[in-house]
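Numbering follows my numbering, in which position 27 of the sequence shown is assigned residue number 405; successive positions increment by one, without gaps.
Some notes on the structure that comes next.
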Amino acid sequence: MAVFDERRCELGEGVLWHPGREQLFWFDILDGALLSRRGEAALRWDFGECVSAAGWLDQDRLLIAAESGLWRFDVESGARERVAEFPTGDGPATRSNDGRADPWGGFWIGTMGKNAEQAAGAIWRLWRGELRRVRGGVSIPNAICFDAARELAYFTDTRVGIIWAQPLDPATGWPAGEARVFLDLREEGLRPDGAVIDAEGRLWNAQWGSGRVACYGPDGVCLGAERFNAARTSCPAFGGPMLDTLYVTTAQEGMDVAARAAEPAAGMTFGRPLAARGRPEPAVILG
């Protein structure tokens with residue numbers, strides 16, 4: 379099964395390979411925890427609120443996306459400091475979801491209703507101290523990733539079943555023009571979740587409920603899929619010293635007692651060596 383970590387997350391998400399530390403981090407959103415490993419040691423940091431995604435700032439510090447906003451977090455000392463708050467309104471309570479650093483040193487993060495209320499979420503970007511909403515009316519934001527040419531951002535609303543490609547300003551990384559459909563997965567009944575771009579420009583997409591991470595070329599053609607013994611695959615990342623291991627988080631959310639017993643690997647985090655290679659995640663630059 380190539381299990382990397384046997385801890386069963388309620389909702390695993392936000393897997394990140396820190397290229398400087400050569401260390402994998404990921405989250406259990408609903409348990410409010412950041413998880414990692416150092417050799418045989420299983421590591422955990424509790425935040426007391428939903429936490430879902432991260433970018434790396436330097437050797438010891440991460441930018442953490444939580445329901446209350448974005449935080450600077452030191453993994454060695456445990457010190458944390460708020461960087462930005464998400465604006466609140468009169469709608470349902472929200473939390474963060476999928477997110478990733480962009481090539482300009484910015485950080486994109488999706489928010490959503492805690493009960494996945496229709497169109498209650500948005501996609502935000504933090505860059506040079508400014509937190510700006512780049513797309514509203516999203517129910518379940520996912521698949522945030524960026525091409526190597528610094529031309530496109532990808533994202534999805536899992537409920538809709540479409541992955542969009544958003545043109546970007548090459549100088550600043552802000553959206554420039556209208557998003558276009560990159561993949562329409564509705565006819566296949568697939569639910570796109572987290573995604574990452576590899577060194578050859580292919581998009582690897584975890585597909586919730588399908589137990590797989592599918593690989594698509596830059597033209598949107600499906601090139602194959604890696605399957606896992608957990609149906610609720612949620613987020614992929616490439617890591618390892620050669621960036622040739624595909625790490626994947628999974629979940630148990632929505633499963634009853636019988637279903638959890640029948641799928642003992644649900645919620646575990648997988649790591650599988652592949653012929654494909656990823657790209658190092660860029661650092662987030664604050665200020």
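Note that CB positions come from ideal geometry on N, CA and C, so glycine has one too.
This structure is a prediction, so every number in the text was calculated from the model and none was measured.
Item: How long is the line joining the alpha carbons of L563 and Q585, rounded to whole angstroms?; Value: 10 Å
Item: For W486, write down the residues that DSSP places opposite it in a beta bridge.; Value: R478 and R503
Item: Note down, in chain order, each residue of its chain lying with its Cβ closer than 8 Å to the Cβ of R580, except the 5 sequence neighbours on either side.; Value: C593, Y594, G595, P596, L601 and A654
Item: With a floor of 4 residues, list each alpha helix (DSSP H) that falls wholly inside the stretch 390–457, ordered by position along the chain.; Value: none
Item: Relative to the alpha-carbon of P519, which residue among R569, E529 and G598 has its alpha-carbon at the smallest distance?; Value: R569
Item: Return the CA-CA distance between F405 and R416, expressed in angstroms with no decimal places.; Value: 16 Å
Item: Assuming A640 is part of the alpha helix (DSSP H), what are its boundary residues?; Value: V635 to A640
Item: Does DSSP put G572 in a helix, in a strand, or in coil?; Value: strand
Item: What do you reckon, is the C-beta of F451 under 6 Å from a heavy atom of the ligand FAD?; Value: No copy of the ligand FAD occurs in the structure displayed, which carries no ligand at all.
Item: Grouping DSSP H, G and I as helix and E and B as strand, with all else coil, what is T647?; Value: strand
Item: Rounded to whole angstroms, how far is the Cβ of A531 from the Cβ of D480, which I believe are closer than 8 Å?; Value: 7 Å
Item: Of all the options D424, G589 and L448, which has the alpha carbon lying nearest to the alpha carbon of D476?; Value: L448
Item: How is W525 classed by DSSP in three states: helix, strand or coil?; Value: Here residue 525 turns out to be Asp, not Trp, going by the sequence shown. In the structure shown, D525 sits in coil (DSSP, three-state: anything other than H, G, I, E or B).
Item: At what residues does the beta strand (DSSP E) containing I540 begin and finish?; Value: I540 to P545
Item: Under the three-state reduction of DSSP, which class applies to N493: helix, strand or coil?; Value: coil
Item: Which value, in whole angstroms, describes the spacing of the CA atoms of G617 and W582?; Value: 14 Å
Item: Taking 6 Å as the limit between beta carbons, can you name the residues of its chain near I663, skipping five residues before and five after?; Value: G483
Item: Mind checking which residues open and close the beta strand (DSSP E) that includes W582?; Value: L581 to Q585
Item: My output table needs one value for T550: the three-state DSSP class, helix, strand or coil.; Value: coil
Item: Assign D576 to one of two classes, buried (16 or more other C-beta atoms within 10 Å of its C-beta) or exposed (fewer than that).; Value: buried
Item: How many whole angstroms separate the CB atoms of G398 and W423, which I take to be in contact at a CB cut-off of 8 Å?; Value: Going by Cβ atoms, the distance from G398 to W423 rounds to 18 Å, so no, they are not a contact pair.
Item: May I have the straight-line CA-CA distance separating E459 from R657, to the nearest angstrom?; Value: 29 Å
Item: Please name the residue or residues paired with L530 in a DSSP beta bridge.; Value: P545
Item: Just reading off the beta strand (DSSP E) that G598 is part of, what are its end residues?; Value: Looking at the DSSP string, G598 is not in any beta strand (DSSP E), and its letter there is neither H nor E.
Item: Can you tell me the Cα-Cα spacing of D438 and Q401, whole angstroms?; Value: 11 Å
Item: Taking C-alpha atoms, which residue in E659, W505 and L389 lies nearest to D571?; Value: L389
Item: In this structure, how does DSSP classify T536 when only helix, strand and coil are distinguished?; Value: coil
Item: Indicate the three-state DSSP secondary structure (helix, strand or coil) for S670 in the structure shown.; Value: Given that the chain is displayed from residue 379 to residue 665, the structure contains no residue 670 and the question cannot be resolved.
Item: Return the residue from the list T534, F560 and C523 that minimises the CA-CA distance to M551.; Value: In the sequence as presented, Met is not what sits at residue 551; that position holds Gly. The shortest Cα separation from G551 among T534, F560 and C523 belongs to C523.
Item: Please classify S496: is it buried, with 16 or more other beta-carbons within 10 angstroms of its beta-carbon, or exposed?; Value: Checking the displayed sequence, the identity of residue 496 turns out to be Gln instead of Ser. So Q496 counts as exposed.
Item: Nearest to A527 by CA position, among A549, F533 and L509, is which residue?; Value: A549
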